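J.:
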Amino acid sequence: MIRDERPVVHAEFWSLKRVVEVTGVSKTEVYRQMNLGLFPRSNGYRDTPKKRFWLSNDIKRWQQEQFATRRPDIDAELDNDFDELLNS
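Read the sequence shown against this note's numbering and you will find it ends at 818, with the numbers running on by one and no gaps.
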């Protein structure tokens, strides 16, 4: 039996549609910001590399950074309620 010692990452694979729903950023703006290095890069599935996804943790981190930039006086840590909202 092969044992994988890498830690398990608890992230979901989000489609562009889901990214747009969660962030409120348009498809065009997602790709524009991605090309400028201002938005998380998408990933291709191993068997179908043209089909793209984003890791939910990357999007949440990006949102946290956006919030912290706009409101530095407020701690922008994600909490369980926010995670539940995103996963609903």
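The beta carbon of each residue, even a glycine, is placed where N, CA and C say it ideally should be.
As the structure is a computational prediction, the values presented were derived from the model and not from experiment.
In angstroms, rounded to a whole number, what distance separates the CA positions of arginine 771 and glutamate 759?
T.: Their Cα atoms are separated by approximately 13 Å.
J.: Do you know whose CA, among Ile789, Asn773, Lys790, lies nearest phenylalanine 783's CA?
T.: Cα-wise, what sits closest to phenylalanine 783 is Asn773.
J.: Which residue's Cα is closest to the Cα of leucine 768: Ile789, Glu751, Lys781, Arg776?
T.: Among Ile789, Glu751, Lys781, Arg776, the Cα nearest to that of leucine 768 belongs to Ile789.
J.: Where does the unbroken alpha helix (DSSP H) through arginine 748 begin, and where does it stop?
T.: Arginine 748 -> alpha helix (DSSP H) spans 746-753.
J.: Less than 6 Å between C-beta atoms, sequence neighbours within five positions excluded: which residues of the same chain meet that for asparagine 787?
T.: Result list for asparagine 787: Ala741, in chain order.
J.: Please identify the residue among Leu746, Glu795, Val752 whose C-alpha is closest to the C-alpha of tyrosine 761.
T.: With distances taken between Cα atoms, tyrosine 761 lies closest to Leu746.
J.: Does the distance between the C-beta of phenylalanine 769 and the nearest non-hydrogen atom of the ligand FAD fall short of 7 Å?
T.: This structure does not include the ligand FAD; it has no bound ligands of any sort.
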